[in-house]
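**Student:** Got a structure here, written out as structure tokens. Questions coming.
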Amino acid sequence: MDISHSKQLLLVEYPTNSGVRQAYVKNVPSLVHYYYEGQYKNGSTRELAYLNNECSNRFGSLDAWENATPLFRDKSGRLNRVYSTNKGKNTKNGFVKYNEHFNKF
């Protein structure tokens, strides 16, 4: 899953009989439900968020003690999570370097 912060569209993958397909749907936070909602809690310092899993393209940040929702881990173990912005709840996602003890996947 990927959230376009500027357009508020979700890129989702879903299974079909002929394989996996991708499509964009409108990000309506009241209709999109996440596993592990709010279960990532940032530590005592601001945590940078990155657009890519190499963590070389800064994309935003989480404030100290801010909660977010883990989405997935990449092959190197970097966590991608969705978080809230001035556009509302769960309106941006990105990779973080710090795990904050989240170990459910």
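Under the numbering used here, the first residue of the sequence shown carries the number 7, and numbering increases by one thereafter.
Positions of the beta carbon are idealized from the N, C-alpha and C atoms, including for glycine.
This one's a predicted model, so the numbers in the text were calculated from it and none came from an experiment.
1) Any chance you could list the beta strand (DSSP E) runs of at least 3 consecutive residues sitting entirely within the region 52–97, in chain order?
2) Going by C-alpha to C-alpha distance, which of Asn-33, Pro-21, Ser-24, Asn-23 sits closest to Gly-94?
3) Keeping to the same chain, check which residues put their C-beta closer than 6 Å to that of Tyr-30; ignore five residues upstream and five downstream.
4) One question on the structure: do Asn-96 and Asn-86 come within less than 8 Å of each other, judged by their Cβ atoms?
5) Is it the case that the Cβ atoms of Ala-74 and Gly-66 are separated by a distance below 8 Å?
6) Hey, quick one: how far does the beta strand (DSSP E) through Pro-35 stretch, first residue to last?
7) Can you give the beta carbon distance from Phe-101 to Asn-59, rounded, assuming they're within the 8 Å contact cut?
8) What's the call for Tyr-89, buried or exposed, on a 16-neighbour Cβ count within 10 Å?
9) Skipping 5 residues on each side, what residues in its chain have a beta carbon closer than 8 Å to that of Glu-19?
**Tutor:** Walking through what the data contain:
1) 53–56, 64–68, 73–79, 85–91
2) Asn-33
3) Leu-15, Leu-17
4) no
5) no
6) Neither: Pro-35 is in no beta strand (DSSP E) and is coded neither H nor E.
7) 5 Å
8) buried
9) Met-7, Val-26, Arg-27, Gln-28
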